[in-house]
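To start, the structure under review is shown below, and the notes come after it.
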Amino acid sequence: MYNRNNIVGTVNLYDVMKKHGCNKLVFSSSATVYGQPEKVPCFEDFPLKALNPYGRTKLYLEEMLRDYQHANPEWRTILLRYFNPIGAHESGDIGEDPKGVPNNLLPYIQQVAVGRRPELNVYGHDYRTRDGTAVRDYIHVVDLADGHIAALEKLFATPDIGASVRRPN
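Heads up, the sequence shown is in numbering that gives the first Met the number 0, so the first residue is 0 and it goes up one at a time.
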């Protein structure tokens, strides 16, 4: 499933972009490309060790997009790696309100808060943490959108940004 959605979809997108002269892309990768980092916090220059099919497709696409950029000097790409996007815009116009079974904890919390679920169940007690529960990093969708806007502004303001790793200041 991830191969078709991520790899085939991105190749098709690239082909259509190339056909229409669109040569700038902000690519949404994932922090899953790091696998289980040996220490935290995790920085961009940490070893890449994707451990699941989703992470491997994102890692493959990062390499593929770097190759495209090197083969086509006019092509500009920014790769963004982030953790679990959650939340909604304060207007309520955009955000997460899944119709089926949510795939992360926040929608469950929201559904309990508005009375759509009677209680919150948090599963998992066998993780390699002090209390056995999972530890997750999240990014709010509005912060993520702001990051994408900043990346686009960089793409359009800079003639050649390359495809390199940058450590945050």
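Idealized CB from N, CA, C, for every residue including glycine.
Query	Result
Where DSSP assigns a beta bridge to G94, which residues make up the other side?	A87
Under 6 angstroms Cβ to Cβ from H124, same chain only, skipping five residues before and after it: list those, please.	G131
Counting only the same chain and skipping the five closest in sequence on each side, list residues whose C-beta sits under 8 angstroms from that of Q35.	K48 and L50
Tell me, please, whether the segment 136-143 touches the segment 75-85 by the rule of three or more beta-carbon pairs shorter than 8 angstroms.	yes
Determine the DSSP secondary structure at R75, reduced to helix, strand or coil.	strand
Using a threshold of 7 angstroms, is the CB atom of Y59 nearer than that to any non-hydrogen atom of the ligand SAM?	Only the bare structure without any ligand can be found here, which leaves the ligand SAM out of the picture.
Are the beta-carbon atoms belonging to T76 and K57 less than 8 angstroms from one another?	no
V140 by DSSP, collapsed to three states: which one?	helix
Measure the CB-CB distance between L79 and T9 and report whether it falls below 8 angstroms.	no
With a CB to CB cut of under 7 angstroms and the five nearest residues on each side skipped, what residues in its chain are close to V164?	In this prediction, V164 scores a pLDDT of 47, lower than 50, which makes its location untrustworthy; the coordinate-derived value is nonetheless stated afterwards. Hits under 7 angstroms: E43 and D44.
Near D96, which residues of its chain fall below 8 angstroms by C-beta distance, leaving aside the five closest residues on each side in sequence?	A87, P106 and Q109
Considering only DSSP beta bridges, list what L24 is partnered with.	T76
Exposed or buried, which one is R55 when buried takes at least 16 other CB atoms within 10 Å?	buried
Measuring only the C-alpha atoms, how far is F26 from V121?	32 angstroms
Threshold first: 4 residues or longer. Then list the alpha helix (DSSP H) segments lying entirely within the segment 100-134, N to C.	104-112
Taking the C-alpha atoms as reference points, what is the distance between M0 and Y53?	9 angstroms
What is the DSSP secondary structure of N4, counted as helix, strand or coil?	helix
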